[in-house]
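Visitor:
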Amino acid sequence: MESLMPIYLMSERTRSVTIPGQALALSITGSVADAVLNIHAAADQPVVRSSSHRSVLPIVMGPLVVSVQPARGDFFGPDTVVQLGIGPDTADAVDPVQVVFEPVDVSGDSDVELATLTPAGTRIEIAVSALADRSLNPLGTAARAAARKVVGRRSEPSSHAVVIAVDASASMRSAFSDGSVSAAADIVVGVADAVGITDVSAMLVAEKPVAVPTEPARTLADSLRSAEPRWSAGVRWSTIDGIGARAVVCTDFPTQTLRQRFPVIAISTDPRLETDCAVLRPPRLVSTPPLRCSASRRCWNGSRSHSFGA
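According to this note's numbering, the sequence shown is numbered sequentially starting from 21.
1) I'd like the list of long-range same chain contacts for residue 146, defined as Cβ closer than 7 Å, with 5 residues on each side in sequence excluded.
2) Could you round the C-beta distance between residue 65 and residue 81 to whole angstroms and report it? I think they count as a contact, below 8 Å.
3) Have a look at residue 306 and residue 77 and give me their C-alpha separation to the nearest angstrom.
4) Compare the beta carbon distance of residue 241 and residue 205 with 8 Å and say whether it is the shorter of the two.
5) Going by DSSP, what residue range makes up the beta strand (DSSP E) through residue 121?
6) On a Cα-Cα basis, can you pick out the residue from 227, 210, 302 that is closest to residue 173?
7) Could you check if residue 363 is buried or exposed, using at least 16 other CB atoms within 10 Å of its CB as the buried criterion?
8) When you compare only the Cα positions, how much space is there between residue 52 and residue 46?
9) Within 10 Å of its beta-carbon, does residue 171 have 16 or more other beta-carbons around it, so buried, or fewer, so exposed?
10) By how many angstroms is the C-alpha of residue 132 removed from the C-alpha of residue 190?
11) Which residues in the same chain have their Cβ closer than 6 Å to the Cβ of residue 28, if we skip the five residues on either side of it in sequence?
12) Is residue 223 near the ligand MG, judged by its Cβ being under 7 Å from some heavy atom?
13) Compare the Cα-Cα distances from residue 150 to each of 233, 142, 122 and report the closest residue.
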């Protein structure tokens with residue numbers, strides 16, 4: 021009789037499974053050269069560590085947490101992706117159960133909880149803690165990683181919404197044409213994703229705010245890149261009060277009053293603004309020296325680079 025091997029793929033859709041109680045081997049694969057697998061459990065929980073990437077649990081005595089942390093330094097470097105796998109610690113098991121987790125990008129994180137194991141009678145409940153990130157472009161990904169160095173990783177989605185309120189005065193023409201505005205959108209989307217917010221939209225603000233339509237197949241940055249603002253002589257920021265979402269202002273003229281009222285991304289070369297708002301410097305040619313980005317990361321947008329200082 022042909023043996024069957026149950027395989028469970030842990031994801032946002034399947035967050036927990038129960039398997040028969042048995043000795044388990046836990047391992048991480050992927051870009052794990054600078055990663056260490058950790059088991060956090062009570063003092064009486066036996067753990068056999070065969071390497072920094074593999075541990076065996078002869079028995080699960082009580083609740084425990086499986087995590088991964090950097091082998092060197094405080095944070096994982098860029099493009100660090102790890103995948104957890106759990107299975108029986110025996111080669112001759114009948115119908116061995118395999119629990120496979122989606123690869124998780126831990127770039128910018130410190131100690132990331134991947135899963136929990138809890139005994140449930142004669143069985144073991146396994147639950148996923150860190151879900152795979154949604155795909156973002158390189159600039160958004162870098163912003164998300166930088167934000168996680170400050171806020172950590174949030175596993176639960178947030179119901180909050182964010183609106184990027186973009187200055188549509190005539191002085192912003194170059195910021196639209198050189199890609200600075202679309203880069204600001206990528207950064208806001210990445211930072212919002214780090215705290216579990218996926219509802220991010222944009223509006224152009226002049227005499228009154230005008231929503232920027234976004235088609236399903238396009239990113240918010242794409243929509244802003246192709247936007248055609250009706251340029252004005254000034255902006256009435258009071259019109260975005262009470263819009264029902266957290267507003268992040270993008271402007272080349274961030275007055276002190278504006279910086280006190282809203283989070284601001286200033287498109288500017290003035291370093292003095294970095295004391296109380298984020299600064300996105302206009303792009304330079306790639307041949308210039310590397311530009312500084314949030315958390316010392318370089319952020320690329322097409323053939324030009326933007327610096328995002330916070």
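Ideal placement from N, C-alpha and C gives every residue a C-beta, glycine not left out.
Quantities reported herein were computed from a predicted structural model and do not represent experimental measurements.
Guide: This is what the structure holds:
1) Translated into the one-based positions of the sequence shown, residue 146 becomes position 126. Once the five neighbours on either side are set aside, the close Cβ partners of residue 146 are 36, 37, 39, 106, 119, 135, 137.
2) As a working note, residue 65 is residue 45 in the sequence shown. As a working note, residue 81 is residue 61 in the sequence shown. Residue 81 and residue 65 do touch by the CB rule: their CB atoms are close to 5 Å apart, below 8 Å.
3) As a working mapping, residue 306 is identified with position 286 in the sequence shown. As a working mapping, residue 77 is identified with position 57 in the sequence shown. Here residue 306 scores only 40 on pLDDT, less than 50, and its place in the model should not be relied on; the value that follows carries that caveat. If you draw a straight line from the Cα of residue 306 to the Cα of residue 77, it is about 51 Å long.
4) Taking the sequence shown and counting its residues from 1, one reaches residue 241 at position 221. Taking the sequence shown and counting its residues from 1, one reaches residue 205 at position 185. A contact, by the Cβ cut-off of 8 Å.
5) By one-based count along the sequence shown, residue 121 stands at place 101. Residues 118-121.
6) Locating residue 173 in the sequence shown gives position 153, counting from the first residue. Nearest to residue 173 by alpha-carbon distance, out of 227, 210, 302, is 210.
7) The requested residue 363 does not occur in the structure, where the chain is confined to residues 21 to 330.
8) Reading the sequence shown from its first residue, position 32 is the one you call residue 52. Reading the sequence shown from its first residue, position 26 is the one you call residue 46. About 14 Å.
9) As a working mapping, residue 171 is identified with position 151 in the sequence shown. Classification of residue 171: exposed, given that the 10 Å Cβ count is below 16.
10) What you label residue 190 is simply residue 170 of the sequence shown in a count that begins at 1. What you label residue 132 is simply residue 112 of the sequence shown in a count that begins at 1. Rounded to whole angstroms, the gap between the alpha carbons of residue 190 and residue 132 is 45 Å.
11) Numbered from its first residue, the sequence shown carries residue 28 at position 8. In chain order, 37, 119 place their CB closer than 6 Å to the CB of residue 28, counting only its own chain and leaving out the 5 sequence neighbours on each side.
12) Ligands in the displayed structure: none, and consequently the ligand MG is not present.
13) Residue numbering aside, residue 150 sits at position 130 when the sequence shown is read from its first letter. When only C-alpha atoms are compared, the closest one is 122.
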